[in-house]
Amino acid sequence: MTRAKHTLMRGRDWLDDRGRLAWILAMIAGFIFVWPVGLALLVYMIGTNRMFSCANRRQSSAHTYARSSGNSAFDAYRAETLKRLEDEHQEFMAFLTRLREARDRAEFEQFMSDRRDASDRREDAPRDQN
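Going letter by letter, the sequence shown gives residues 8 to 137 in the numbering used here.
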């Protein structure tokens with residue numbers, strides 16, 4: 008996940024925690040200072056139904072599970088499992104990044120090879136003598 012996307016998700020979660028009024032105030036501030044931001048927030052709020060209800064939308068987030076269940080053994084197991092899953096996710100994202108870079112590198116090398124071959128063919132072609 009990119010840093011910008013992560014920052015936007017944290018901002019969204021922060022506003023969700025504070026409710027619909029926080030979203031409306033953010034939208035108004037967006038219109039006042041940079042109107043396209045306010046417009047984007049308005050469209051986002053309507054599209055995700057945050058304009059009309061702002062129940063906690065992060066049921067699948069680890070933040071939601073931060074509350075204690077009352078069973079310390081289970082809480083420790085849950086924290087360890089969530090940490091392991093987060094680490095595995097980070098490793099997988101790093102793997103995907105390396106995979107994309109390798110694919111891009113191979114495509115670029117193929118492009119350069121094709122370009123070099125085309126250039127060599129043009130140099131080897133007989134030239135018109137006037």
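C-beta atoms are modelled at their ideal positions from N, C-alpha and C, and glycine is treated no differently. Please read all numbers here as calculations on a predicted model, not as lab measurements.
CB contact flag (residue i, residue j, <8 angstroms)
i	j	result
Ala11	Leu22	no
Ala57	Arg27	The sequence shown places Arg at residue 57, rather than the Ala named in the question. Contact flag set, yes.
Ile53	Gly45	no
Residue i classed as buried or exposed, judged by whether at least 16 other C-beta atoms fall within 10 angstroms
i	result
Trp42	exposed
Met100	exposed
Met119	exposed
Leu48	buried
For residue i, three-class secondary structure by DSSP
i	result
Val44	helix
Where the alpha helix (DSSP H) through residue i begins and ends
i	result
Gly18	10-25
Arg128	79-131
Residue i beta carbon near the ligand MG (any heavy atom closer than 7 angstroms)
i	result
Phe115	As far as ligands go, the structure on display features none, and thus does not contain the ligand MG.
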